[in-house]
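At position 483 of the sequence shown (counting the first as 1) the number is 482 in numbering that gives the first Met the number 0, and the numbers step up by one without a gap.
Ideal Cβ placement from N, Cα and C applies to all residues, glycine included.
Reviewing the structure listed below.
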Amino acid sequence: MATRSHRPGTATGAPGGSRGRLRRRLPMRLLLPLLVLVALLAMLMLRGYVHSEILADHRVGPPAASDQVPEQILKGGPVIDTRGGRPTSLELPDHELVLTFDDGPDPKWTPKVLDVLKKHDARAVFFITGTMASRYPDLVQRMVDEGHEIGLHTFNHPDLSLQSRSRVDWELSQNQLALAGAAGIRTSLFRPPYSSFVQNMDNRSWPVTEYIGSKGYITIVNNTDSEDWRRPGVRQIIRNATPKGGKGAIVLMHDSGGDRSQTVAALDRYVTGLKDQGYRFHTLTAALDAPSAHTPVAGLEAVKGEAWVFLVQASEKTTGVLVTGLAVVGVLVFGRLGLMLILSVAHARRVRRRGFRWGATVTEPVSVLVPAYNEAKCIEQTVRSLVASDHPIEVLVIDDGSTDGTARIVENLGLPGVRVIRQLNAGKPAALNRGIANARHDLIVMMDGDTVFEPTTVRELVQPFGDPRVGAVAGNAKVGNRDSLIGAWQHIEYVMGFNLDRRMYDVLRCMPTIPGAVGAFRRSALERVGGMSDDTLAEDTDITMALHRDGWHVVYAEKAIAWTEAPESVQQLWSQRYRWSYGTMQAIWKHRRSLVERGPSGRFGRVGMPLVSMFMVVAPLLAPLIDVFLLYGLVFGPTEKTIGAWLGVLAVQGVCAAYAFHLDKERMTHLISLPLQQLLYRQLMYVVLLQSWITALTGGRLRWQKLRRTGAVGLPGGGTAPQPQMDGRPAA
Numbered sequence: 000m001a002t003r004s005h006r007p008g009t010a011t012g013a014p015g016g017s018r019g020r021l022r023r024r025l026p027m028r029l030l031l032p033l034l035v036l037v038a039l040l041a042m043l044m045l046r047g048y049v050h051s052e053i054l055a056d057h058r059v060g061p062p063a064a065s066d067q068v069p070e071q072i073l074k075g076g077p078v079i080d081t082r083g084g085r086p087t088s089l090e091l092p093d094h095e096l097v098l099t100f101d102d103g104p105d106p107k108w109t110p111k112v113l114d115v116l117k118k119h120d121a122r123a124v125f126f127i128t129g130t131m132a133s134r135y136p137d138l139v140q141r142m143v144d145e146g147h148e149i150g151l152h153t154f155n156h157p158d159l160s161l162q163s164r165s166r167v168d169w170e171l172s173q174n175q176l177a178l179a180g181a182a183g184i185r186t187s188l189f190r191p192p193y194s195s196f197v198q199n200m201d202n203r204s205w206p207v208t209e210y211i212g213s214k215g216y217i218t219i220v221n222n223t224d225s226e227d228w229r230r231p232g233v234r235q236i237i238r239n240a241t242p243k244g245g246k247g248a249i250v251l252m253h254d255s256g257g258d259r260s261q262t263v264a265a266l267d268r269y270v271t272g273l274k275d276q277g278y279r280f281h282t283l284t285a286a287l288d289a290p291s292a293h294t295p296v297a298g299l300e301a302v303k304g305e306a307w308v309f310l311v312q313a314s315e316k317t318t319g320v321l322v323t324g325l326a327v328v329g330v331l332v333f334g335r336l337g338l339m340l341i342l343s344v345a346h347a348r349r350v351r352r353r354g355f356r357w358g359a360t361v362t363e364p365v366s367v368l369v370p371a372y373n374e375a376k377c378i379e380q381t382v383r384s385l386v387a388s389d390h391p392i393e394v395l396v397i398d399d400g401s402t403d404g405t406a407r408i409v410e411n412l413g414l415p416g417v418r419v420i421r422q423l424n425a426g427k428p429a430a431l432n433r434g435i436a437n438a439r440h441d442l443i444v445m446m447d448g449d450t451v452f453e454p455t456t457v458r459e460l461v462q463p464f465g466d467p468r469v470g471a472v473a474g475n476a477k478v479g480n481r482d483s484l485i486g487a488w489q490h491i492e493y494v495m496g497f498n499l500d501r502r503m504y505d506v507l508r509c510m511p512t513i514p515g516a517v518g519a520f521r522r523s524a525l526e527r528v529g530g531m532s533d534d535t536l537a538e539d540t541d542i543t544m545a546l547h548r549d550g551w552h553v554v555y556a557e558k559a560i561a562w563t564e565a566p567e568s569v570q571q572l573w574s575q576r577y578r579w580s581y582g583t584m585q586a587i588w589k590h591r592r593s594l595v596e597r598g599p600s601g602r603f604g605r606v607g608m609p610l611v612s613m614f615m616v617v618a619p620l621l622a623p624l625i626d627v628f629l630l631y632g633l634v635f636g637p638t639e640k641t642i643g644a645w646l647g648v649l650a651v652q653g654v655c656a657a658y659a660f661h662l663d664k665e666r667m668t669h670l671i672s673l674p675l676q677q678l679l680y681r682q683l684m685y686v687v688l689l690q691s692w693i694t695a696l697t698g699g700r701l702r703w704q705k706l707r708r709t710g711a712v713g714l715p716g717g718g719t720a721p722q723p724q725m726d727g728r729p730a731a
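Written out as structure tokens, the structure reads:
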């Protein structure tokens, strides 16, 4: 997983060759995350459709007149046939009972109903909905295998008297599609939702019955209603379902739509009792001595049905995973926020109590390393801020093959205690190792070339070294250019997501990263772990993990403040976070053996690595599920509950952010953009992380991506350094 990469130097090779290949690959890396998002959204929408959350119509029409319904229908039997244009109805022969079950199949109750019927060798007709058949095709297949008959009950269970003909066609065709995919058959039996006795047919439902007959269906209502949906008790269900005087009947029951325990209990006693009275339990066509209602499907129709059921099953499994992911991210988010609040309070109380000291006061001089590659716009302010330090230091600017005159700018300043070391472009880790080799002191501070220190930063940063167990110290990096919206979002992230995190990790003794903008190290600690490595793109995370595994303490110095220039465009931010996230994954993979090792390495592996993996990789990857389900809930779900839940999460995050800002003595006004940050910024970070995962899993190689600097971060106190002069001309 590790890859060696350097910051770009002078272009080599055929002009535009490597860049052209990069441009050809880049769209795919952008396209893959988008395709994943679209696929997940499509699966979620499909799941909503088969759960009657999308395109469902739950209206029920009021009673209407019946003067347009033929009298022979109103006074006829429960089997209505309008296929030939001449409406007829049929009664069942005496002692013939057709048990019908509506609204299934249900994964809990349908198997129990089937078990009872199998026990008594009885047959029935199941009027299935397309939504349930699509979700539980194995139950439909079992119905057919055990000799039962299937009828359609529409796809989404709407009142067809309120629907257009195109919607009626859609309900029937989708219902047949689900049946074809589940059992490989079609059926000619149909029961309208919300139907009742034939004498209740009215001017709204009759035209629908005629139209459905023209499509080749026989409409089945009932003449004996168990009213099991009311749950009146087992005895009452049996009484309601028992026909009078030995007559044949079509009995209405339900195997779905709620608690059907009374139905199952009544069914066992009902079938036994009526069989003793000479009743026979047949399918509808068997009772009428008619051809089977089932027709096998083949060819394209069968393929379409199987594909439909496959997609529905995939959506069910996918959304099940998403819901599990949402639960996981909920636990991680609230767990992290809870830990941050509790442990940050503990950290603040410890380091802010009167008389707190890390150990003996550290007064020895410090070497400050500034690796610089094309930092002409920032380097003067960086160096001048260091020279103003109230702690004795030497400054080493390691120019890593800059092409914009960075080294000349520093040399022309002529500042005391500042040295310039030049090298060919070899990457930041090599530049830092070069600086370590040339440093004169045992305490080494590292910073970026776009960062400025306050006069007290170095002194505060090295005080923890009064404790001999401390091998490295993380400073308090802050965003200097926070005036833009994207800068404000990063400011919130730095104060809450980074610095509050560091307080938590400090207490847990598993700090994952010494920030490249402001960090300090013992030379002996660096030498014991082999110095800075270029195995990953996150050398700061790599070295921090290595120090933990070597047994050193890594702590956080909140008063060691550094002002850094954050990316000012989406593209620049993307490049930076892509490198960070991919580098973090590389570092986790590189130090994976700590999970099974003993001693300090094992402690970090079994405490720090899981926390880093969960909070820095898994949680950010799953966090957008909160917004996906928010969007889904706003459009299709319980809107008020959805908004309330999202606002609850936002409120908890707001409390944590406010506390972090209080600890860092930052103005709360920047938190105004927190809701927008949660909606937009998180999605960007998600896509970046997903792209990093894709790069890692596909074995891709990521180059160091140099950010364009603007010099927007001024000197502490609000001063801005003038542009340096070289040979009488402004620096390039």
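>> Am I right that V270 and V115 are in contact with their C-beta atoms under 8 Å? What's the rounded C-beta distance?
In response: 7 Å
>> Closest to T223 by C-alpha separation, out of H253, L629, E209, would be which residue?
In response: H253
> For H661, is the classification buried or exposed, using 16 other Cβ atoms within 10 angstroms of its Cβ as the cut-off for buried?
Replying inline: exposed
> So does the region 143-162 actually touch the region 189-202, counting three or more Cβ pairs closer than 8 Å?
Replying inline: yes
> In chain order, which beta strand (DSSP E) runs of at least 3 residues are fully inside the region 312-375?
Replying inline: 365-371
> With A123 and F280 assumed to form a contact (beta carbons below 8 Å), what rounded beta-carbon distance in angstroms separates them?
Replying inline: 7 Å
> Who are the Cβ neighbours of L414 in its own chain at under 8 Å, not counting the five residues just before and after it?
Replying inline: V382, R383, V386, V394
> By how many angstroms is the C-alpha of M667 removed from the C-alpha of L706?
Replying inline: Because L706 sits at a pLDDT of 49, beneath the cut-off of 50, its placement in the model cannot be relied upon, and the following sentence gives the value as read from the coordinates. Whole-angstrom Cα-Cα distance: 29 Å.
>> If you reduce the DSSP assignment to three classes, tell me which class D101 lands in.
In response: strand
>> Just to check my reading of the structure: G653 and L670 have Cβ atoms closer than 8 Å, yes? What is that Cβ distance to the nearest angstrom?
In response: 7 Å
> Can you name the residues that DSSP bridges to P295?
Replying inline: I184
>> Mapping the DSSP letters down to three states, classify K477 as helix, strand or coil.
In response: strand
> So A561 packs on A516, CB below 8 Å; how close in whole Å?
Replying inline: 5 Å
> Should F452 be labelled buried (16 or more other beta-carbon atoms within 10 Å of its own) or exposed?
Replying inline: buried
> Which residue from G448, V417, P428 puts its Cα closest to that of R439?
Replying inline: V417
>> Could you tell me the alpha carbon to alpha carbon distance between I236 and A38, rounded to whole angstroms?
In response: 46 Å
> Who pairs with E95 in a beta bridge, going by DSSP?
Replying inline: R279
> Going straight from the alpha carbon of V494 to that of R548, what length do you get?
Replying inline: 27 Å
> Per DSSP, what kind of secondary structure is F154 in: helix, strand or coil?
Replying inline: coil
> If we ignore side chains and look at the alpha-carbon of each, how far apart do L34 and Y658 end up?
Replying inline: 38 Å
> Is F333 buried or exposed, if buried means 16 or more other CB atoms sit within 10 Å of its CB?
Replying inline: exposed
>> Can you find the residues in the same chain that come closer than 8 Å, C-beta to C-beta, to N174, ignoring five residues on each side of it along the sequence?
In response: I127, T128, G129, A132, L151, H152, T153, F154
>> Pull the bridge partners of Y752 from the DSSP assignment, please.
In response: As displayed, the chain neither begins before 0 nor continues past 731, which places residue 752 out of reach and without an answer.
>> Extract the residue ranges of the alpha helix (DSSP H) inside the region 564-644, only unbroken runs of 4 or more that lie entirely within it.
In response: 569-589, 598-602, 608-612, 618-621, 623-634
>> Please state whether the Cβ-Cβ distance between G247 and E95 is less than 8 Å.
In response: yes
> For T450, which of helix, strand or coil comes out of DSSP?
Replying inline: strand
> Is the beta carbon of R605 less than 8 Å from the beta carbon of L594?
Replying inline: yes
>> Could you check whether the region 292-303 touches the region 177-193, counting it as contact only if at least three pairs of C-beta atoms, one from each stretch, sit closer than 8 Å?
In response: yes
> Between G67 and S88, which are expected to be in contact by the criterion C-beta below 8 Å, what is the C-beta distance as a whole number of angstroms?
Replying inline: Checking the displayed sequence, the identity of residue 67 turns out to be Gln instead of Gly. Their Cβ separation, rounded to whole angstroms, is 16 Å, which puts Q67 and S88 out of contact at 8 Å.
> With G474 and N480 assumed to form a contact (beta carbons below 8 Å), what rounded beta-carbon distance in angstroms separates them?
Replying inline: 18 Å between Cβ atoms; not a contact.
>> Taking 6 Å as the limit between beta carbons, can you name the residues of its chain near E410, skipping five residues before and five after?
In response: V419
>> Quick test of your reading: P623 and Y685, contact by CB under 8 Å. State the CB separation rounded to the nearest angstrom.
In response: 4 Å
> For the putative contact between A371 and V350, defined by C-beta atoms under 8 Å, what is the C-beta separation to the nearest angstrom?
Replying inline: Contact flag wrong, Cβ pair sits at about 32 Å.
> With 16 other CB atoms within 10 Å as the buried threshold, where does L30 fall?
Replying inline: exposed
> For H661, which three-state DSSP category applies?
Replying inline: helix
>> Quick check on the burial criterion: 16 or more other C-beta atoms within 10 angstroms. Buried or exposed for H552?
In response: buried
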